[in-house]
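Student: Residue numbers (the numbering used here): 13 to 218. Every residue, glycine too, gets a C-beta built ideally from N, C-alpha and C. Next up is a structure, given as structure tokens.
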């Protein structure tokens, strides 16, 4: 079992109900659609219960959807089956799986993932490796250091074991970490006014 998988397995069903009613997800889906092309092969990194990948499947050629949670993958697969979606491969694995070859992906979707990574910079290096030149990161990330109450509360939850360990970024720290891997910023800003969640669209330099 991957580290933190037990937590995500436990909350998978509740998480699915919550995310379906969150308007931020709809904003992210429409934003992603604006950057994706019909012949793209993409990765949904940390696909959760499949809300994003199932919704954008008609906009791309193929999606690799990965998560460390068995329960999340199970829910994702069931959603795809109910809608007869055939162009998504769901797998319980990590981004370091060797099946993802250097320069093989047109885009990587990462919805609320980066603040959960144990070693963000190593993951950003891997993203850079497997994206094609000109490939896109389409991501959203809570920048908790910009909201003191949220930052303090979630840190406390993490310390007492209620949530996985969380990274507290400012928006500028997040952007600079990504830019250090030779990406160019296409779009960067709050998903909604006053929201601590930032949409970040970056392009891998040729």
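Taking the beta carbon of residue 66 as the centre, do at least 16 other beta carbons fall within 10 Å, making it buried, or is it exposed?
Tutor: Your numbering for residue 66 matches position 54 in the chain shown. It is buried - the Cβ of residue 66 has at least 16 other Cβ atoms within 10 Å.
Student: Tell me which residue opens and which closes the alpha helix (DSSP H) that residue 119 is part of.
Tutor: Taking the first residue of the chain shown as position 1, residue 119 is located at position 107. Per DSSP, residue 119 belongs to no alpha helix (DSSP H); it is in the beta strand (DSSP E), 117 to 123.
Student: Just the Cα atoms here: how many angstroms apart are residue 53 and residue 73?
Tutor: As a first step, residue 53 is located in the chain shown; it is residue number 41 there, counting from the start. As a first step, residue 73 is located in the chain shown; it is residue number 61 there, counting from the start. In a straight line, the C-alpha of residue 53 is about 6 angstroms away from that of residue 73.
Student: Nearest-angstrom Cα distance between residue 190 and residue 95?
Tutor: Reading the chain shown from its first residue, position 178 is the one you call residue 190. Reading the chain shown from its first residue, position 83 is the one you call residue 95. Each residue's Cα considered, the two are about 35 angstroms apart.
Student: Per DSSP, what kind of secondary structure is residue 215 in: helix, strand or coil?
Tutor: The sequence position of residue 215 within the chain shown is 203, counting from 1. Residue 215 falls in the strand class under three-state DSSP.
Student: Compute the Euclidean distance between the alpha carbons of residue 198 and residue 150, then round it to the nearest angstrom.
Tutor: As a first step, residue 198 must be located in the chain shown, where it is residue number 186. As a first step, residue 150 must be located in the chain shown, where it is residue number 138. Approximately 10 angstroms between the Cα atoms of the pair.
Student: Using CA atoms only, rank isn't needed, just tell me which of 58, 30 and 23 is closest to residue 108.
Tutor: Indexing the chain shown from 1 puts residue 108 at position 96. The residue with the shortest Cα to Cα distance from residue 108 is 58.
Student: Is there contact between the region 38 to 55 and the region 101 to 118, where contact requires at least three CB pairs shorter than 8 angstroms?
Tutor: Yes: at least three Cβ pairs fall under 8 angstroms.
Student: By the 10 Å Cβ neighbour count, where 16 or more other Cβ atoms means buried, how is residue 3 classified, buried or exposed?
Tutor: Given a span of 13 to 218 for the chain in the structure shown, any question on residue 3 remains unanswerable.
Student: Would the beta-carbon of residue 137 fall within 7 angstroms of that of residue 114?
Tutor: Position 125 of the chain shown, counted from the start, is the residue given in the question as residue 137. Position 102 of the chain shown, counted from the start, is the residue given in the question as residue 114. The answer is no: Cβ separation not under 7 angstroms.
Student: Can you tell which of 147, 102, 125 and 218 has its C-alpha closest to the C-alpha of residue 154?
Tutor: As a first step, residue 154 must be located in the chain shown, where it is residue number 142. Taking only the C-alpha atoms, the option nearest residue 154 is 125.
Student: Going by beta carbon distance, what residues of the same chain come within less than 6 angstroms of residue 143, once the five residues before and after it are set aside?
Tutor: Taking the first residue of the chain shown as position 1, residue 143 is located at position 131. The answer, listed in chain order, is 117 and 216.
Student: Among residues of its own chain, excluding the 5 on either side of residue 17, which ones have a beta-carbon nearer than 8 angstroms to its beta-carbon?
Tutor: Taking the chain shown and counting its residues from 1, the one referred to as residue 17 is at position 5. 80, 81 and 82.
Student: DSSP has residue 101 in a bridge; who is on the other side?
Tutor: As a position in the chain shown, residue 101 is number 89, starting the count at 1. Bridge partners of residue 101: 76.
Student: Look at the Cβ atom of residue 43, then the Cβ atom of residue 62, and state whether they are nearer than 7 angstroms.
Tutor: Translated into the one-based positions of the chain shown, residue 43 becomes position 31. Translated into the one-based positions of the chain shown, residue 62 becomes position 50. No, Cβ-Cβ distance for residue 43 and residue 62 is not below 7 angstroms.
Student: Could you check what DSSP says for residue 151 in three-state terms: helix, strand or coil?
Tutor: The count along the chain shown starts at 1 and reaches residue 151 at position 139. Residue 151: strand per DSSP, three-state reduction.
Student: Buried or exposed: where does residue 64 fall if 16 or more other Cβ atoms within 10 Å of its Cβ makes it buried?
Tutor: Position 52 of the chain shown holds residue 64. Buried, because 16 or more other Cβ atoms sit within 10 Å of the Cβ of residue 64.
Student: Measure the Cβ-Cβ separation of residue 41 and residue 69 and say whether it is below 7 angstroms.
Tutor: On the chain shown, position 29 is the one that residue 41 refers to. On the chain shown, position 57 is the one that residue 69 refers to. Their beta carbons are not under 7 angstroms apart, which means residue 41 does not touch residue 69 by this criterion.
Student: Nearest-angstrom Cα distance between residue 135 and residue 122?
Tutor: Within the chain shown, residue 135 is the residue found at index 123, counting from 1. Within the chain shown, residue 122 is the residue found at index 110, counting from 1. Spanning the two alpha carbons is a distance of roughly 11 angstroms.
Student: Between the alpha carbons of residue 200 and residue 36, how many angstroms are there, rounded?
Tutor: For the purposes of this step, residue 200 is identified with residue 188 of the chain shown, where counting begins at 1. For the purposes of this step, residue 36 is identified with residue 24 of the chain shown, where counting begins at 1. Distance between the alpha carbons of residue 200 and residue 36: 15 angstroms.
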